[in-house]
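Novice: Attaching a single structure in structure tokens format; questions to follow.
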Amino acid sequence: MSLDTLLALAAAGLEPWEERHPPVTNDGFRGAMRHLAGAVSIVTAGLGTERNGLTATSVVSLSADPPTVLVCVNRSASAWPLLVRHAHFGINVLAASQQPIADRFAGRNGEKGEARFAGARWIQLASGAPILADALVAFDCTLEERIQRHSHDILIGRVQALHGVGGTDPLLYWRGAYGAIRPT
Ligand SMILES: Cc1cc2nc3c(=O)[nH]c(=O)nc-3n(C[C@H](O)[C@H](O)[C@H](O)COP(=O)(O)O)c2cc1C
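Shown next as structure tokens:
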């Protein structure tokens, strides 16, 4: 910051920028992120009875040509080893009625791995990753690139097949709770 700027701030009774904007804390960041409403997906990987998955809101479209998506996965998630080993994943976007599936894959009821898949119908498309038959929409992906950043891996998926029933509202997550779209 130049001396002129500092003098101008002092004349205006303001502190330098650094003092008016304290460093962003982890808790402050988490609190701010709570205001982002997100669609809820189940990210799945594995074959046969060796399957696992996690609930995720970090899914976004990357490009339409070629069709790619990305999702950010914590390397501490129990599903992470299978995502890397099989180099494929399903992005299963949930309908508003499917909150129990979100709870199961977030580990809220203590289920692990294969047990999370109970009570729903799963199919396989091109990549072999588990695809929820009743998903609002599902993206069947092969892993194109994995970028390690901080605690997470950014997984870029090449979309090999699409599936979905559509026709109903999505499940949303906002300020630490599930919800659905309300007409304005
Ligand atoms: C609504 C919601 C969204 C989440 N989004 C993500 C996400 O985008 N990436 C991630 O790594 N974990 C995310 N999580 C946390 C994982 O679902 C959770 O840590 C994991 O499935 C449980 O860990 P475990 O499989 O090791 O038991 C989210 C959890 C919830 C409830």
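Each number in the numbering used here comes from the position in the sequence shown (counting from 1) with 379 added on.
Where is the CB? At the ideal position from N, CA and C, for every residue including glycine.
Here the structure is a predicted model, which is why all the values come from computation and not from measurement.
1. Report the rounded CA-to-CA distance for A424 versus A387, giving the unit in angstroms.
2. State the DSSP-derived secondary structure class of A424, mapped to helix, strand or coil.
3. Are there three or more Cβ pairs, one per stretch, closer than 8 Å when the stretch 549-558 is compared with the stretch 461-469?
4. Check whether the stretch 398-414 and the stretch 448-457 touch, using three or more Cβ-Cβ pairs below 8 Å as the test.
5. In chain order, what residues of the same chain have a beta carbon less than 8 Å from the beta carbon of A485, not counting five sequence neighbours either side?
6. Would you tell me roughly how many angstroms separate the C-alpha atoms of F496 and H400, rounded to the nearest one?
7. Counting C-beta neighbours from all protein chains within 10 Å, is the total for W459 16 or more, i.e. buried, or is it exposed?
Specialist: Taking the coordinates as given:
1. 58 Å
2. strand
3. no
4. no
5. L433 and T434
6. 46 Å
7. buried
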